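Just below is one structure, and these are the notes that go with it.
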Amino acid sequence: MKALKAYKYRLYPTSKQEEFIQKTFSCVRLVYNLMLQDRIDIYKEMRKNPQQTFKMPTPAKYKKQYPVLREVDSLALANAQVYLDRAFKNFYREKGMGFPKKKKKETVHSYTTNNQHGTVKILDNRYLKVPKLKSLIKMKVHRQPLGEIKSVTISMSASHNYYVSILCEAPIETKTKQQKMVGICSSREKFALLSNGESFEKSYCSKHLKQKLRQEERKLNKRKMIALEKGVDLSQAKNYQKQKIKVAKIREKIANQRTDILNKITTELVSSYDVICIEKAHHSNERPPKHDRSELAWSLFLAKLLYKAQWYGKELICIESEEIETELSFSESTENSEYLRSQKILERGLSKRETL
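The opening residue of the sequence shown carries number 7 in my numbering; numbering runs sequentially from there.
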């Protein structure tokens, strides 16, 4: 079985390469916003003249008016159109999806380009070759990507570090069948509780990092207040911007630790069990405190478990919290009912599996 797998690496661009990357970010955002506005205008015209046919815009339309678009990768601009098409499809097909919005400068710090006949390569295990850029970008390859490179996404984090995500298509080996099944529910004291009595802790980052983040956030807030009192715009307040990057680096480190632990937990689960029945969301009776919810990242945990189960030929059955609540009596819905709840999830999942 072949699957798409992404590998993320740190980039170390030179000042000229950084200028090119930033220019590409801006051009991608510009093209996205221009095409979005044109589509809105076309939609308004279609309402006035339903019989008239209209042609949807492409990035090539804007190159004459904006010559800077010729200086960046055309595939990056084409992918902006792909993302806009996807945004409209999601808006029309899926409930709860809002109308596509224009991209702001503060939020768009990435672009995607495709590999066409070797236009994207890793050279000498330390350099990245991308289209339109003549020089090679230095990178840190901590592990070799497997399979054929399909596309790459270059991004800049809030801490002003550059990364590349390389999407590869490679064969995935299925895990050995263990003939085991398990139910998983969220827990107040633990991250997750299994129906066999095992559990996973919910502490993903050290107390030192949490304490340091709180200290640096207080400093950031103070510098913000000082800048506002002086009437200085926050984008021009140097001390505020320096502190903002410092806070972003700590948050990034905490997020990386959380992702690493979730990857280890999900890999362990799909390696140990063939059928995994899991609660789709935290149950309301035992909702964790506010400061713990961001750490839990249950939706991220569920997403990782889903794609790994598909990769390795395992079954994942999601159970709504409401389905379990109806099966638990009042006496069972207490603080000591988590183990029973995980067993009920397993029972419910297996009965659901039989009806499929």
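All C-beta atoms, glycine included, are put in the ideal place defined by N, C-alpha and C. Quick caveat, the model's predicted, so the values are computed rather than measured.
Would you kindly check if the distance between the Cβ of residue j and the Cβ of residue i is under 8 Å?
i           : j           : result
residue 275 : residue 303 : no
residue 159 : residue 137 : no
residue 34  : residue 86  : yes
residue 240 : residue 230 : yes
residue 174 : residue 155 : yes
residue 285 : residue 343 : no
residue 161 : residue 116 : yes
residue 165 : residue 258 : yes
residue 197 : residue 208 : yes
residue 205 : residue 193 : yes
residue 84  : residue 317 : no
residue 151 : residue 172 : yes
residue 244 : residue 272 : no
residue 329 : residue 354 : yes
residue 46  : residue 60  : no
Taking just the CA atoms, how far does residue j sit from residue i?
i           : j           : result
residue 217 : residue 238 : 29 Å
residue 340 : residue 199 : With a pLDDT of only 48 at residue 340, under the threshold of 50, the placement of this residue in the model should not be trusted, and no figure is reported.
residue 28  : residue 348 : 49 Å
residue 323 : residue 96  : 24 Å
residue 153 : residue 111 : 34 Å
residue 69  : residue 142 : 26 Å
residue 56  : residue 63  : 18 Å
residue 44  : residue 37  : 10 Å
residue 305 : residue 287 : 7 Å
residue 125 : residue 222 : 42 Å
residue 225 : residue 249 : 7 Å
residue 312 : residue 90  : 26 Å
residue 310 : residue 58  : 46 Å
residue 232 : residue 247 : 13 Å
residue 290 : residue 235 : Only weak support exists for where residue 290 lies, its pLDDT of 48 falling under 50; the value from the coordinates is given anyway. Approximately 43 Å between the Cα atoms of the pair.
residue 147 : residue 357 : 46 Å
residue 73  : residue 351 : 59 Å
residue 260 : residue 321 : 30 Å
residue 135 : residue 31  : 18 Å
residue 121 : residue 188 : 41 Å
residue 256 : residue 145 : 22 Å
residue 75  : residue 88  : 17 Å
residue 220 : residue 264 : 18 Å
residue 98  : residue 130 : 46 Å
residue 292 : residue 203 : The pLDDT assigned to residue 292 is 49, lower than 50, so where the model puts this residue is not dependable, and the model offers no usable value.
residue 52  : residue 103 : 23 Å
residue 266 : residue 50  : 47 Å
residue 336 : residue 157 : At residue 336, the pLDDT of 49 sits below 50, so the modelled position is not reliable; the number obtained from the coordinates is stated separately. When rounded, the distance between both Cα atoms is 53 Å.
residue 227 : residue 113 : 21 Å
residue 78  : residue 123 : 19 Å
residue 92  : residue 101 : 14 Å
residue 325 : residue 7   : 27 Å
residue 71  : residue 176 : 41 Å
What residues in its chain sit with their C-beta under 7 Å from that of residue i, if we drop five residues either side in the sequence?
i           : result
residue 278 : 184 and 186
residue 94  : 106
residue 109 : 35, 38 and 39
residue 81  : 119, 120 and 137
residue 127 : 135
residue 19  : 27, 143 and 168
If you compare alpha carbons, which of the options is closest to residue i?
i           : options               : result
residue 270 : 316, 307 and 220      : 307
residue 21  : 116, 168 and 321      : 168
residue 283 : 77, 227, 360 and 258  : 360
residue 180 : 142, 106 and 280      : 280
residue 66  : 51, 25, 41 and 108    : 41
residue 262 : 234, 329, 149 and 215 : 215
residue 132 : 182, 17 and 104       : 17
residue 254 : 227, 319, 242 and 163 : 163
residue 15  : 100, 77, 113 and 149  : 149
residue 319 : 77, 182 and 242       : 182
Enumerate in chain order the residues of its own chain whose CB-to-CB distance from residue i is below 8 Å, with the five nearest sequence positions on each side excluded.
i          : result
residue 23 : 139, 141 and 143
By Cβ distance below 6 Å, which residues in the same chain neighbour residue i in space, the five residues on each side in sequence not counted?
i           : result
residue 12  : 171 and 173
residue 195 : none
residue 242 : none
With respect to 7 Å, is the separation between the Cβ of residue i and the closest non-hydrogen atom of the ligand GDP below this value?
i           : result
residue 110 : Summarising the ligand content, the structure contains no ligands, and the ligand GDP is consequently not present.
### Runs of beta strand (DSSP E) lying entirely within the stretch 85 to 171, each at least 3 residues, in chain order
116 to 120, 127 to 129, 133 to 135, 143 to 146 and 154 to 162
### Message
My parser needs the alpha helix (DSSP H) runs of 4 or more residues fully inside the stretch 221 to 296; what are they?
### Response
If we require 4 residues or more, the alpha helix (DSSP H) runs fully inside the stretch 221 to 296 come out as 244 to 278.
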